[in-house]
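In full-length UniProt numbering, the protein residues as written are 1 to 498. Ideal Cβ placement from N, Cα and C applies to all residues, glycine included. Here the structure is a predicted model, which means the values were calculated and not measured. Inspection log for the structure reproduced underneath, given as structure tokens.
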Amino acid sequence: MPKPLTENTAVHKSTLPEPLAYIDDRASRPAQVRKQTLRNPNTLEPLQPLHACDDAQAESALAAAARAHETAVWENTPTSERAALLEAVADALDAPEVQETIAEVDALTTGAVISLTRNMARLAPLSFRAAAQYLREGNLEQRLPGRHGEVEYFRRPWGPAMLISPWNGPTAIGCHKIASALAAGAPCIAKPSEWTPHSSVVVAEAIARAGLPPGTFQLLLGNRETAGKLLGDPRIKAISFTGGTEGGRAVSAASVNSFRPLQLELGGNNPLVVFADADLDQAAAGIAFGLSNLNAQWCRALGRVIVHREVKQALLEKVQHALAGIRMGHSLDPDAEMGPQIHRQQFDSVQRHIQRLRAAGGELLQSTTLPDLPGYFIPPTLVDGCDPGQTRVEMFGPVAAVHSFDTSAEALALANGTDYGLAAYVYSGDEQAAFDFSRKLRTGGVKINGYDLLSLSPTAPRAAWGMSGLGEEGTGHSIEFFTGARVVGLVARGPAQN
Ligand code: NDP
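Structure follows, in structure tokens:
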């Protein structure tokens, strides 16, 4: 349980700007102030009530997006001009004071440490620059050889897009969606998590200053009910959603009659497999990273350690040592390496999983020192000794199960033994054997002998299998998601000859 708040534990004075929606080209206050309170996850001090746009604001946003689509002014803006406007947004987001504001509000609202949110803030301008570059390369307009001259193959936006983001990587995930939809020429409405709207407001200000055509970009604030008002509306032509399974189901259900294109980036229960010949120091460092980076509140965080029985004990000793070295602290402390969980519900959910596995016979391994703060801190935790059937669900937090194997076939069955398929990690002294094993994993990506946030290749898709989602993300992949293809060409030259 979090310790009670005492005055001398509040080491950082923290404030948040007022969240503003951007609807129909005007910044406006969300009409509803909700009963729930956003708290500093480090100290539990109240920061702000949660806000939500009302029905009238949701309708204004929809109507403005539909008008923008009808006039097609953004769609018909030449791609070089669209690219220049995206670059202007990137320039605004690159400004040092803007970067620092994004890093601070994300650290304060999510609990992710500021050294990390500073790095993630850099992804905001990079998303817009990458999308602009994709346009400048002419990828949306191609000419193909045909029987009677060139065939035009070009892509046009489906129409207004709804962009729904989670709280755990608000800037990186939100900006990737916004930059991709705008590059595609689609008017879009972004709806960040109600827990983390502030960095999206900064991004919306940058977009507003760049001067896109009316109704092209709007920011709607609120929770899932706010989003729900738009999901079923036929004016929304494509939805990009990142979040949990239930939200993904709601988005799918709302699209069942319209066959609307959906991009679903959902949860994971990611295995990390350690073979007997692996470098155990390297594997232990990977496990500690997977249990602490972004406070293990990310879709590709560690879910299950699957280790060869011969090296299990030695590995767990090294992991205990690595976890003891993690500096847990206030998320605004530049020296902290791991912060608190975002809010009470998330804290309680992770604790429930830990207690559930403990009750199922699991032994807890924890060695990170908790800070002297009353917030939602949970130390990185491994749980050894549970039946694999108990560890099939996503726990989404700094807790992972440990299972052991004797043969490679057993390791494969354990690694593929969930309905998810987002990420996997394989540690082995034999790179060829690691590749052979990794190719058989039913998952969107496998990293061998390392664990980090970055993609293996900047042009590779971020893919998902099974319950982890639908569709692929990536600069080109996401831009194309918001578009449909059109192919135009001649079947015959001149009048038909009789
Ligand atoms: P949620 O699914 O609770 O929420 C995600 C977003 O969807 C929020 O904006 C939320 O609104 C909204 N939402 C939730 N339910 C609905 C609904 N029924 N209708 C419309 N909108 C809805 O996820 P979290 O924010 O808790 O994020 C954690 C989850 O996201 C984890 O499962 C994680 O694995 C997954 N994730 C996946 C990633 C990937 O790339 N695959 C990346 C990052 C996270 P609000 O919360 O404001 O009510």
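| task | Would you mind stating whether GLY290 and ALA276 have Cβ atoms separated by less than 7 Å? | result | Working through the sequence shown from its first residue, we reach residue 290 at position 290. Working through the sequence shown from its first residue, we reach residue 276 at position 276. No, the Cβ-Cβ distance between GLY290 and ALA276 is not below 7 Å.
| Should the segment 159 to 176 be regarded as contacting the segment 43 to 59, the criterion being three or more beta carbon pairs within less than 8 Å? | no
| said: Report the start-end ranges of each beta strand (DSSP E) in the segment 350 to 387 that is 3 residues or longer and not cut off at the edges. | reply: 363 to 365 and 381 to 384
| query | So ILE326 and MET338 are in contact, right, with Cβ under 8 Å, and what is the actual spacing, rounded? | reply | In the sequence shown, counting from the first residue as 1, residue 326 sits at position 326. In the sequence shown, counting from the first residue as 1, residue 338 sits at position 338. So it is a contact: roughly 5 Å between Cβ atoms.
| request: Check the C-beta distance from PRO334 over to THR43 and give it rounded, since I have them as a contact under 8 Å. | output: Translated into positions along the sequence shown, residue 334 becomes position 334. Translated into positions along the sequence shown, residue 43 becomes position 43. The Cβ separation is near 17 Å, so there is no contact.
| Which residues bound the alpha helix (DSSP H) around CYS299? | As a first step, residue 299 is located in the sequence shown; it is residue number 299 there, counting from the start. Premise fails: CYS299 is in no alpha helix (DSSP H) and is neither H nor E.
| query | If you follow the beta strand (DSSP E) that MET162 is part of, which residue opens it and which one closes it? | reply | The residue you call residue 162 lines up with position 162 of the sequence shown. Looking at the DSSP string, the run of the beta strand (DSSP E) that includes MET162 is 161 to 164.
| query | Exposed or buried, which one is GLN99 when buried takes at least 16 other CB atoms within 10 Å? | reply | For the purposes of this step, residue 99 is identified with residue 99 of the sequence shown, where counting begins at 1. Flag for GLN99 reads buried.
| request: Taking only heavy atoms of ligand 1 into account, decide whether any of them is closer than 6 Å to the Cβ of PHE396. | output: Sequence index remark: in the sequence shown, residue 396 carries index 396 (1-based). Yes, since a heavy atom of ligand 1 falls inside the 6 Å radius drawn around the Cβ of PHE396.
| Rounded to a whole number of angstroms, what is the C-alpha to C-alpha distance between ARG215 and PRO157? | What you label residue 215 is simply residue 215 of the sequence shown in a count that begins at 1. What you label residue 157 is simply residue 157 of the sequence shown in a count that begins at 1. Arg is not the amino acid found at residue 215; the sequence shown has Gly there. Near 15 Å, if we compare the C-alpha coordinates of PRO157 and GLY215.
| query | Are ARG442 and GLY417 close, meaning C-beta to C-beta below 7 Å? | reply | As a working mapping, residue 442 is identified with position 442 in the sequence shown. As a working mapping, residue 417 is identified with position 417 in the sequence shown. For ARG442 and GLY417, no; Cβs fall outside 7 Å.
| field | Burial state of ALA296 (16 or more Cβ within 10 Å) | value | Here residue 296 refers to the residue found at position 296 of the sequence shown. ALA296 is buried by the Cβ-count criterion.
| message | I need the DSSP call for ALA53, collapsed to helix, strand or coil. | response | Position 53 of the sequence shown, counted from the start, is the residue given in the question as residue 53. Residue identity check: residue 53 is Cys in the sequence provided, not Ala. Note: CYS53 maps to coil in three-state DSSP.
| task | Quick one: using the 10 Å Cβ neighbour count with 16 as the cut-off for buried, is THR110 buried or exposed? | result | In the sequence shown, the residue the question calls residue 110 occupies position 110. So THR110 ends up on the buried side.
| In the structure shown, what three-state DSSP assignment does ALA420 receive? | Residue 420 sits at position 420 when you count from the first residue of the sequence shown. Residue 420 is actually Tyr in this sequence, not Ala. Reduced to three states, the DSSP call for TYR420 is strand.
| said: Beta-carbon within less than 7 Å of THR117's beta-carbon, same chain only, minus the 5 sequence neighbours each way: which residues are those? | reply: Locating residue 117 in the sequence shown gives position 117, where the first residue counts as 1. Closer than 7 Å at the Cβ level, and outside the excluded window around THR117, lie ALA103, ASP106 and ALA107.
| said: Tell me which residues share the same chain as TYR451 and place their Cβ nearer than 7 Å to its Cβ, disregarding the 5 neighbours each side in the sequence. | reply: By 1-based counting over the sequence shown, the position of residue 451 is 451. GLY286, PHE289, GLY290 and TYR425, listed in sequence order.
| Best match in ARG356, GLU205, PRO17 and SER349 for proximity to THR196 [C-alpha to C-alpha] | In the sequence shown, counting from the first residue as 1, residue 196 sits at position 196. Nearest of ARG356, GLU205, PRO17 and SER349 to THR196, Cα basis: PRO17.
| ligand 1 heavy atom lying under 6 Å from the CB of THR299 | By 1-based counting over the sequence shown, the position of residue 299 is 299. Before going further, note that residue 299 is Cys rather than Thr in the sequence given. Flag set: Cβ of CYS299 near ligand 1.
| Rounded separation between SER331 and GLY397 - CA only | For the purposes of this step, residue 331 is identified with residue 331 of the sequence shown, where counting begins at 1. For the purposes of this step, residue 397 is identified with residue 397 of the sequence shown, where counting begins at 1. Cα to Cα, SER331 sits roughly 16 Å from GLY397.
| said: Helix, strand or coil for ILE236? Go by DSSP, reduced to three states. | reply: Numbered from 1 along the sequence shown, position 236 holds the residue referred to as residue 236. Correct three-state label for ILE236: coil.
| Cut-off 6 Å between Cβ atoms - residues of its own chain near ALA254, not counting five sequence neighbours on either side | Within the sequence shown, the letter at position 254 stands for residue 254. Once the five neighbours on either side are set aside, the close Cβ partners of ALA254 are LEU231 and GLY232.
| request: Find out if the Cβ-Cβ distance for the pair LEU280, ALA324 is shorter than 7 Å. | output: For the purposes of this step, residue 280 is identified with residue 280 of the sequence shown, where counting begins at 1. For the purposes of this step, residue 324 is identified with residue 324 of the sequence shown, where counting begins at 1. No, Cβ-Cβ distance for LEU280 and ALA324 is not below 7 Å.
| Does the Cβ of GLY474 have 16 or more other Cβ atoms within 10 Å, making it buried, or fewer, making it exposed? | Indexing the sequence shown from 1 puts residue 474 at position 474. Burial call: buried.
| message | Which runs of the alpha helix (DSSP H) at least 4 residues long sit entirely within the segment 183 to 266? Give them in chain order. | response | 198 to 210, 224 to 231 and 245 to 254
| query | Under a Cβ-count criterion, where at least 16 other Cβ atoms within 10 Å of its own Cβ denotes burial, should PRO41 be classed as buried or exposed? | reply | As a first step, residue 41 is located in the sequence shown; it is residue number 41 there, counting from the start. Label assigned to PRO41: buried.
| 6 Å CB neighbourhood of ALA206 in its chain, flanking five on each side removed | Taking the sequence shown and counting its residues from 1, the one referred to as residue 206 is at position 206. Hits under 6 Å: VAL89, ALA92 and LEU93.
| Is the closest heavy atom of ligand 1 to the C-beta of THR71 under 6 Å? | As a position in the sequence shown, residue 71 is number 71, starting the count at 1. THR71 Cβ: outside cutoff for every heavy atom of ligand 1.
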